[in-house]
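Engineer:
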Amino acid sequence: MVYNALITYTMALRLRTGLAFAVLFTVAMGLHFVLTDRSLEEHYPHRFPRSGRLLLAAALLVGWLVSAVLAPSSALAVALLTALLGGSILLNVFKEELPSTGRSSYPWFLVGLLLYGGLLALVTAISG
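Take -18 as the starting number for the sequence shown in this note's numbering and just add one per residue.
(1) Quick one: grab the DSSP three-state call for residue 13.
(2) Comparing C-alpha positions only, which one of 33, 38, -6 and 89 sits nearest to residue 55?
(3) For residue 75 and residue 42, I'd like the C-alpha separation in whole angstroms.
(4) Any chance the region -18 to -11 sits against the region 33 to 48, with 3 or more Cβ pairs inside 8 Å?
(5) Less than 7 Å between C-beta atoms, sequence neighbours within five positions excluded: which residues of the same chain meet that for residue 101?
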């Protein structure tokens, strides 16, 4: 829940860099949430569909509400929150989303990397 709240709490920071970057971040996090949702439902088939999903959705709203009331203003706080969020996302991706040995596809990884990297480069070129 803290992880979800932190994502929406730091969303205002994404908007400062530009709307296009915030949209790309939102799409990436939405896809990440879909995979995390599926993984949590597999691990907790009885508890997660009843209450877990609602608690995680509520955490997103709480993070947004806290950021509206108490937005981060210190550069140090912003850096620490961004580092914590980045580390949490990487840990979650490495633990849950990467396929096991033998099921991975290097070409599809490259396609995703080039596509998302290209989108970020395009948005940077257009906005800068």
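Ideal Cβ positions, reconstructed from N, Cα and C, are used throughout, including at glycine.
Structural biologist: The short version:
(1) Looking up residue 13 in the sequence shown gives position 32. Helix.
(2) Your numbering for residue 55 matches position 74 in the sequence shown. Residue 55 has its Cα closest to that of -6, out of 33, 38, -6 and 89.
(3) Sequence index remark: in the sequence shown, residue 75 carries index 94 (1-based). Sequence index remark: in the sequence shown, residue 42 carries index 61 (1-based). Looking at the two C-alpha atoms, the distance is approximately 26 Å.
(4) yes
(5) One-based indexing of the sequence shown puts residue 101 at position 120. So the list reads 5, once near-sequence residues are dropped.
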